[in-house]
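J.: Mind having a look at this structure? Questions to follow.
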Amino acid sequence: MEQKQEVCPHCGGTKLVAGVQQQQGRVWPYPARGLNLGQELIHIICKSCGTVVRSYVDYPEDLKDFK
Numbered sequence: 001m002e003q004k005q006e007v008c009p010h011c012g013g014t015k016l017v018a019g020v021q022q023q024q025g026r027v028w029p030y031p032a033r034g035l036n037l038g039q040e041l042i043h044i045i046c047k048s049c050g051t052v053v054r055s056y057v058d059y060p061e062d063l064k065d066f067k
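Under my numbering, the letters of the sequence shown match residues 1 to 67, in that order.
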């Protein structure tokens, strides 16, 4: 499967990097229940202008507890 080249919608830049939002930036179901530790939110960021092009979690299958 060929990987799609992402382009910044703001400036057209193609130099993108991944960053991880940690600590309280985790994603939890709302309202939070049990001992779920949440997931780190990963951002794809344009190095040219700083725009966040995409945000995602690594394990979408763990979102089953979200309603």
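For every residue, glycine included, the Cβ atom is placed at its ideal position computed from N, Cα and C.
Quick check: the region 5-15 against the region 55-62, are there 3 or more CB pairs under 8 angstroms?
T.: The region 5-15, when compared against the region 55-62, does not touch it at the 8 angstroms Cβ threshold.
J.: Which class does residue 3 belong to by DSSP, given the choice of helix, strand or coil?
T.: Note that residue 3 has pLDDT 49, beneath the 50 cutoff, so the model's placement of it is unreliable and the number below is only indicative. Here residue 3 sits in coil by DSSP.
J.: In terms of alpha-carbon separation, which member of 50, 21 and 48 lies closest to residue 42?
T.: Of the candidates 50, 21 and 48, the one whose C-alpha sits nearest the C-alpha of residue 42 is 21.
J.: Below 8 angstroms on the Cβ atoms is my contact criterion, and I expect residue 19 with residue 45 to pass it. Report the Cβ-Cβ distance as a whole number of Å.
T.: Correct: roughly 6 angstroms between the Cβ atoms.
J.: Among 49, 50, 47 and 39, which has the Cα closest to the Cα of residue 59?
T.: When each option's Cα is compared against that of residue 59, the closest is 39.
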